[in-house]
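**Student:** Quick mapping for you: the protein sequence lines, in order, are chains A and B. Note that our numbering has the first sequence beginning at 1, numbered continuously upward. Note that our numbering has the second sequence beginning at 1, numbered continuously upward.
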Amino acid sequence: MSAAGVLGAALGRFAGAVRDLAPIIAVIVFFQVVVLQQPFPELGRVLVGLACVLAGLAMFIQGLEMGLFPLGEAMAGAFARKGSLTALFAFAFGLGFGTTVAEPALIAIADEAAGVAAEAGAIAASEAAKKAYAFNLRMVVAVAVGAAIVLGVLRIIKGWPIHVFIIGGYILVTIMTAFAPVEIIGVAYDSGGVTTSTITVPLVTALGVGLAQSIRGRNPMVDGFGLIAFASLTPIIFVLVYGMLA
Amino acid sequence: MWDFFATLRDTLWSTLFDVAPILAILIVFQTAVLRRKVPDLRRIVAGFALVLAGLTLFLIGLQEALFPIGETMVRQLTAPEMIGLERLADGVNWTDYLLVYAFAAAIGFSTTIAEPSLIAVALKAEAVSGGAVRAWGLRIAVASGAAVGVSLGCFRIVTGTPLPWYIIAAYAVVIMQTFVSSRSIIPLAYDSGGVTTSTVTVPVVAALGLGLAATVPGRSPLIDGFGLIAFTAVFPIMSVLGYAMATSHISRRRRGSAGAGGKSRS
């Protein structure tokens, strides 16, 4: 690609990022100036931060299409050709577990959940007990996401309809909610949302779509999507179980 | 002037730390199990480097610009002085917090539009569906669902009503919609719930929930602060299924005069 072509592509990405962030800027300016009627504190710093967000988003989207998507699809295709289910499931579990266990949002919510449990008297109010509780909770969620990706991959291979699993999961969550301790319910419901990080989502999506494209008889729209849905449902179930047992 | 480079270094370090397990798994499986040459490896490595650098810059910008303002705003909007002390004197009325619900909807919508993982899934869906699913249409549908979800979640915190009522009722609506929706949109709709709650949305929405639960009289941040993320994750499923039902209805009425699908993202 020529230098002008690269520059043009970069400008296009940047314009896309401006459009993606325009609503958030509008909301903040409106509430700050019109509703709260206050000046911006440290305006210079805010503007530099905003420039970072814009440039970062533009680079991320470019890298996504150059790196994450092709890699996810290439690996999905290679696994399909290799034909070893054990290797594919091990990879699926590793991807789910590995991306979740270090997720900052999960670490934050696990620490808060330990505070709630100590307040409610479910565990001792000592630092050690809270740390152990938070660590176990993180492990439970990470195993749940690993299991979710394995189950989701199996569904793609078999071509099973997704709604059976998701509706079954919803019913399970509803029944378990009646028996789980009250203080764990909010944490459990939230845990489904925090597990899917910005790098995991493109990789997992590309894996699912790539698998559906490489297996004969599978449709990428009907069978390829849905892995993220599994990854946001199983943590709720696993955390509710953890709350009942812990 | 704050120490930009120290922040840059710290954030790059923590991003690398977060990505390390993913990289390790990818490399182990690629070299030990698949042992197949990745086509265009240099381009993929360059793409990965761009993703890391981009995410680092993105996170720095959020931490420096967006999150502090967001937190200050949440504190000011939910402060009893803002609501009116004399109104709160005779107990909490849900109508005292209308401004908070409006802010919640606006911030839920706008953070979801900026969510990189949603952009990724929307691009993929547009490519895979051959343009039948528009990236911007999907993102706006998801963001509208998130707006309703965050707003309703704030209403729940103010009124102190039980979280399961709302989530289980939302599940029931999703199940009913599933039976009348086209089979090809259902997996994507289910995915959009998990995709919404990511880098931008979770910190802002969590701060909103905790801030609101801390300032509404009679609520505890420890018990009532949770649940807002769950709302943000369920309602987009509903709105995407609704959007798909609406567009298929429109295209059925317009069949025959369909125009060529344009790319909505440069």
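Ideal Cβ placement from N, Cα and C applies to all residues, glycine included.
Please name the residue, chosen from A:Val-153, A:Val-239, A:Phe-14, A:Met-244, that lies closest to A:Leu-85 on a Cα-to-Cα basis.
**Tutor:** Closest by alpha carbon: A:Val-153.
**Student:** Tell me which residue opens and which closes the alpha helix (DSSP H) that A:Gly-193 is part of.
**Tutor:** A:Gly-193 -> alpha helix (DSSP H) spans 182–194.
**Student:** Indicate whether at least one CB of chain A lies closer than 9 Å to the CB of B:Ala-268.
**Tutor:** There is no way to answer for residue 268 of chain B, as the model of chain B reaches only from 1 to 266.
**Student:** Among A:Leu-43, A:Phe-225, A:Leu-71, A:Thr-177, whose alpha-carbon lies nearest the alpha-carbon of B:Arg-36?
**Tutor:** Checking every option, the nearest Cα to that of B:Arg-36 belongs to A:Leu-71.
**Student:** Who are the near neighbours of B:Ala-213 in its chain, counting only those whose CB is closer than 7 Å to its CB and skipping five residues on each side?
**Tutor:** Closer than 7 Å at the Cβ level, and outside the excluded window around B:Ala-213, lie Ile-157, Arg-219, Ser-220, Pro-221, Asp-224, Gly-225.
**Student:** Taking any Cβ of chain A, which residues in the region 184–195 of chain B have a Cβ under 9 Å from it, in chain order?
**Tutor:** Flagged, chain order: Ser-184, Ile-185, Ile-186, Pro-187, Leu-188, Ala-189, Tyr-190, Asp-191, Ser-192, Gly-193, Gly-194, Val-195.
**Student:** Between B:Gly-70, B:Ile-69, B:Val-92, which lies nearest to B:Pro-80 when the distance is taken from Cα to Cα?
**Tutor:** Among B:Gly-70, B:Ile-69, B:Val-92, the Cα nearest to that of B:Pro-80 belongs to B:Val-92.
**Student:** Determine the burial state of B:Lys-263: buried for a count of at least 16 other Cβ atoms within 10 Å of its Cβ, exposed for fewer.
**Tutor:** With a pLDDT of only 41 at B:Lys-263, under the threshold of 50, the placement of this residue in the model should not be trusted; the figure read from the coordinates follows. Under this definition B:Lys-263 is an exposed residue.
**Student:** By Cβ distance, which residues of its chain are closer than 8 Å to B:Lys-163, with the 5 residues on each side in sequence left out?
**Tutor:** With the sequence shown as reference, residue 163 of chain B is identified as Leu, and Lys is not the correct amino acid for it. These residues qualify, in order along the chain: Arg-156, Phe-226, Gly-227, Ala-230.
**Student:** Going by C-alpha distance, which of B:Ala-147, B:Ser-251, B:Thr-199 is nearest B:Ile-237?
**Tutor:** Of the listed residues, the one whose Cα sits closest to B:Ile-237 is B:Ala-147.
**Student:** Find out if the Cβ-Cβ distance for the pair B:Gln-30, A:Gly-49 is shorter than 9 Å.
**Tutor:** Contact: no.
**Student:** Assign A:Glu-127 to one of two classes, buried (16 or more other C-beta atoms within 10 Å of its C-beta) or exposed (fewer than that).
**Tutor:** Burial call: exposed.
**Student:** Using a Cβ-Cβ cut-off of 9 Å, state whether A:Ile-24 counts as contacting chain B.
**Tutor:** Yes, A:Ile-24 lies at the interface with chain B (some Cβ there is under 9 Å from its Cβ).
**Student:** May I ask you to list, following chain order, the residues of the region 113–141 of chain A that have a beta carbon less than 7 Å from some beta carbon of chain B?
**Tutor:** Answer set for the region 113–141 of chain A: Gly-115, Val-116, Glu-119.
**Student:** On the DSSP letters alone, give me the boundaries of the alpha helix (DSSP H) that A:Gly-208 sits inside.
**Tutor:** Note, A:Gly-208: alpha helix (DSSP H), 200–214.
**Student:** On a CA-only basis, which of B:Gln-76, B:Met-82, B:Ser-239 is nearest B:Tyr-171? Give me that one, please.
**Tutor:** B:Tyr-171 has its Cα closest to that of B:Ser-239, out of B:Gln-76, B:Met-82, B:Ser-239.
**Student:** Rounded to the nearest angstrom, how far is the Cβ of A:Ile-254 from that of A:Gly-226, given a contact under 8 Å?
**Tutor:** Residue coverage of chain A in this structure runs from 1 to 246, which leaves residue 254 of chain A outside it and unanswerable.
**Student:** Who are the neighbours of A:Phe-60 on chain B, taking C-beta pairs under 8 Å?
**Tutor:** Under the 8 Å cutoff, chain B gives Leu-50, Val-51, Gly-54, Leu-55, Phe-58, Pro-116.
**Student:** May I have the straight-line CA-CA distance separating B:Pro-203 from A:Val-194, to the nearest angstrom?
**Tutor:** If I take the Cα positions, the gap works out to 10 Å.
**Student:** For A:Gln-38, which three-state DSSP category applies?
**Tutor:** Looking at A:Gln-38 - three-state DSSP - the assignment turns out to be coil, as it is neither helix nor strand.
**Student:** Around the Cβ of A:Arg-13, are there at least 16 other Cβ atoms within 10 angstroms (buried) or fewer (exposed)?
**Tutor:** Result: buried.
**Student:** Quick check on A:Val-35 - is its C-beta less than 9 Å from some C-beta in chain B?
**Tutor:** Yes, A:Val-35 lies at the interface with chain B (some Cβ there is under 9 Å from its Cβ).
**Student:** For B:Leu-34, report the span of its alpha helix (DSSP H) as first-last.
**Tutor:** Segment: none, B:Leu-34 is in no alpha helix (DSSP H) and carries neither H nor E.
**Student:** What is the DSSP secondary structure of A:Asn-136, counted as helix, strand or coil?
**Tutor:** Helix, per DSSP.
**Student:** Output yes or no for whether 9 Å exceeds the beta carbon distance between A:Arg-138 and A:Ile-184.
**Tutor:** Cβ atoms of A:Arg-138 and A:Ile-184: not closer than 9 Å.
**Student:** Is it the case that the Cβ atoms of B:Ile-168 and A:Thr-174 are separated by a distance below 9 Å?
**Tutor:** It is a contact, given that the beta carbons lie within the stated cut-off.
**Student:** Quick check: the region 32–44 of chain A against the region 41–55 of chain B, are at least 3 beta-carbon pairs closer than 8 Å?
**Tutor:** Short answer: they don't touch.
**Student:** With DSSP run on the structure shown, which of helix, strand or coil describes A:Pro-161?
**Tutor:** DSSP places A:Pro-161 in coil when its eight states are reduced to three.
**Student:** Quick one: what's got a C-beta closer than 7 Å to A:Phe-79's C-beta in the same chain, skipping five residues either side?
**Tutor:** If we look at A:Phe-79 and ignore the five residues flanking it on each side, its Cβ neighbours are Ala-87, Leu-88, Phe-91.
**Student:** Using three-state DSSP, classify B:Arg-156 as helix, strand or coil.
**Tutor:** Helix.
**Student:** I'd like the span of the alpha helix (DSSP H) that includes B:Ser-117, first residue to last.
**Tutor:** 116–128 is the span of the alpha helix (DSSP H), which, as asked, contains B:Ser-117.
**Student:** Below 8 Å between beta carbons is the criterion; list the residues of the region 184–196 of chain A that meet it against any residue of chain D, in chain order.
**Tutor:** In the structure shown, chain D cannot be found, because the protein chains are A and B.
**Student:** Among B:Leu-98, B:Ala-49, B:Ile-44, B:Leu-210, which residue has its Cα nearest to the Cα of B:Met-82?
**Tutor:** Checking every option, the nearest Cα to that of B:Met-82 belongs to B:Leu-98.
**Student:** Going by other Cβ atoms of all chains shown within 10 Å of its Cβ, with 16 needed for buried, is B:Ser-198 buried or exposed?
**Tutor:** Counting Cβ neighbours within 10 Å, B:Ser-198 comes out buried, since at least 16 surround it.
**Student:** Flag this pair as touching only if the region 221–235 of chain A and the region 144–151 of chain A have three or more C-beta atom pairs under 8 Å; answer yes or no.
**Tutor:** Yes: at least three Cβ pairs fall under 8 Å.
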